[in-house]
């Protein structure tokens, strides 16, 4: 199947993809993805996650106080107002930031619900030849590569787990 339709089931990718958004996704090989792509990846739990690709094999990644540090450089984040998710658990305003990854295409918005959160820090690692680091745009409500699958997170994924690339057109 070259194209498949999905509906976002949660607020992980808000504000880019609000909960309930219908998305189209195309088959993709790991070698063809680039930073900033929104991907559908298969977790070890056999669930599909919709997340943004932040770091590629060979990249060094860390997170310090909510700021992504990619290959030693802080990723640009610019304040861009507030946003309220339509979620029964977190229906309160979040700080909205515009983020732009190097070589990752156009900027996009991310959310920061809590000024201090356990997910705001991640020790520096260097990804191996077949490792990919992904994060949700709703950073404080995303069980992504910052969390291993034992904590109900996605963990760092390998190329075989990458299933599709989401089209925003």
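Numbering (the working numbering), first residue to last: 3 to 171.
Every residue gets a Cβ at the ideal spot worked out from N, C-alpha and C, and that includes glycine.
Kindly indicate which three-state DSSP category residue i falls into: helix, strand or coil?
i           : result
residue 155 : coil
residue 114 : strand
residue 104 : coil
residue 109 : coil
residue 83  : strand
residue 121 : helix
Exposed or buried, residue i, counting other C-beta atoms within 10 Å across all chains shown (16 or more means buried)?
i           : result
residue 144 : buried
residue 41  : buried
residue 135 : buried
residue 140 : buried
residue 150 : exposed
residue 126 : exposed
residue 121 : buried
For the beta strand (DSSP E) that contains residue i, what are its first and last residues?
i           : result
residue 141 : Neither: residue 141 is in no beta strand (DSSP E) and is coded neither H nor E.
residue 124 : 124-128
residue 134 : Here residue 134 belongs to no beta strand (DSSP E), and DSSP marks it neither H nor E.
residue 77  : That residue, residue 77, is in no beta strand (DSSP E); it is neither H nor E in DSSP.
residue 148 : Segment: none, residue 148 is in no beta strand (DSSP E) and carries neither H nor E.
residue 45  : That residue, residue 45, is in no beta strand (DSSP E); it is neither H nor E in DSSP.
residue 6   : 5-9
residue 166 : 164-169
Whole angstroms are fine: how far does the CA of residue j sit from the CA of residue i?
i           : j           : result
residue 119 : residue 19  : 22 angstroms
residue 116 : residue 142 : 7 angstroms
residue 73  : residue 62  : 5 angstroms
residue 26  : residue 5   : 7 angstroms
residue 130 : residue 147 : 14 angstroms
residue 22  : residue 50  : 15 angstroms
residue 24  : residue 9   : 4 angstroms
residue 75  : residue 56  : 13 angstroms
residue 59  : residue 133 : 5 angstroms
residue 94  : residue 37  : 30 angstroms
residue 34  : residue 45  : 20 angstroms
residue 77  : residue 83  : 19 angstroms
residue 80  : residue 31  : 32 angstroms
residue 85  : residue 15  : 13 angstroms
residue 7   : residue 28  : 9 angstroms
Taking only runs of the beta strand (DSSP E) that begin and end inside the region 11-41, which ones reach a length of at least 3 residues, in chain order?
-> 24-29
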